[in-house]
Each structure stands twice: as C-alpha cells, then as structure tokens.
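Protein chains in written order, with the working numbering: chain A, 100 to 214; chain B, 117 to 226. Note that the Cβ used here is the ideal one computed from N, Cα and C, for glycine as well. Values in this document were obtained by computation on a predicted structure and should not be read as measured data.
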C-alpha cells in the first residue's frame, strides 16, 4: 500500500485568492489523481497528474482554474485559482498502486472553505 | 465505464451481516467490480474487487451474480466503525482512474 500525505488538511480562504495543495507519496507511483468532493456529494475526478507532461483534465475542469504540477514520481500539487465560495469542497489526492495492483489509495483530503 | 445503481441508504444492526447491493446491468466483459468505502472526514478506502468469481478478504465478501449484472458486498459482522458511505464502481482493468457514483450510506445501529 501507499501512504499519502496531503497539506494543508484544511484552510479557510478569501474570495479571489489561490491555494496550492500538496500531495506527497511514500513510494514512486506512476499515476496520481486529483478529486473534488463538494458538500454532501460523491467524488468527482478533476484530472490525472502526469509526470513530465501536462495534466489530463476531465470535462468541466480547466488548467487555468486548477493548475497541476507533477515534478517527480512521489509529489504533485493542485492549485485552486481565483477562488469563489463554490470552490468550497474537499480536495483529495489519489495514487495508483504498483503495476498489477489495481487498487487506488487516497489521501485524507484538504477541506477548503472559501468566504 | 459502466454505470452502477445503489440504494441511497441502509441500516444494519451491530453484529449482524450487512448486505449492500449494486446493479451494473451494462457491465462489459472486461470490467471489474470494485468496492470502496468512505468513513466521515476520511479519503475512500479500498475494500475488495472481483471479475466474476466470488471473492473474500479480511474485510468483506463480494458475491457477483452469474450474469454479472449485479453484486452484493457482505460485511459479515458489522460494527459501529463500519458506518460509512459504500461505493460500488465498475472499471476496466488497467484503466487506473475511478469514477464514483453516489454510493450507499450504511448506518450500523447499536
């Protein structure tokens, strides 16, 4: 299994500002994903963070709003830009296990509140 | 990925078996059935997965019908700590990403 650390665990931000969320894994992984969970809702995939290339975004999510970095095989960041109250959600980092292991592992998430 | 249908909520008494159903009538031959759960304020946790045979591990059992159009997750002796939202997901092997539905909110009552 992979141990995932997300920072910050929670934050309260002002409208119009940006927040960068960090995801650190204790082992090298090929695939890293970012999810959003709005209050009372299920998880929605934002993007796949690709090492050495631009992230792959799902429908409804764009790079200008959610820029993602993946500088190496153990680390990724998600930035929530120009925040509005509608961005208040839990943001979760997820990683795929080793090749042949089909499980995904999740961090404990970042609880974001935008005022 | 095929769509799944789960009841929005269920209750179960502590110590009894919790049986969570999932319909996936459009599942393809190369799609696996996965179960995850999310305990309040935590990230989702993997429980079990299977293709067509029944599976059992230390957490649960997974029963998949012969036509693979539905499955049941069984928690044999539910405890209060099993209170969570349970997600049934179908996914092509190697596809990596998971697409979550609404899940079933399971409440274990003392």
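Worksheet item: What's the C-alpha gap between residue 129/A and residue 116/A?
Response: Using only the alpha carbons, I get a separation of about 31 Å.
Fill in: beta strand (DSSP E) segments (min. 3 residues) lying fully within the stretch 121-154 of chain A
131-136 and 142-148
Worksheet item: Measuring CB to CB, does residue 147/A end up less than 7 Å from residue 166/A?
Response: no
Worksheet entry | Boundaries of the beta strand (DSSP E) in which residue 265/B is found, first to last residue | In the structure as shown, chain B starts at 117 and stops at 226, and residue 265/B therefore has no counterpart that could be examined.
Worksheet item: Are the beta-carbon atoms belonging to residue 187/A and residue 212/A less than 7 Å from one another?
Response: Contact annotation: residue 187/A and residue 212/A have beta-carbon atoms nearer than 7 Å.
Worksheet item: Would you say residue 209/A and residue 119/A are within 7 Å of each other, going by their C-beta atoms?
Response: no
Worksheet item: Mapping DSSP to helix, strand and coil, what is residue 185/A?
Response: helix
Item to complete: Consult DSSP for residue 126/B and reduce its assignment to one of helix, strand or coil.
Response: strand
Item to complete: Assign residue 114/A to one of three DSSP states: helix, strand, or coil.
Response: coil
Worksheet entry | First through last residue of the beta strand (DSSP E) which encompasses residue 208/B | 200-208
Practice prompt. Scan the stretch 121-139 of chain A for residues whose Cβ lies nearer than 7 Å to a Cβ of chain B and list them as they occur along the chain.
Written response: 130 and 132
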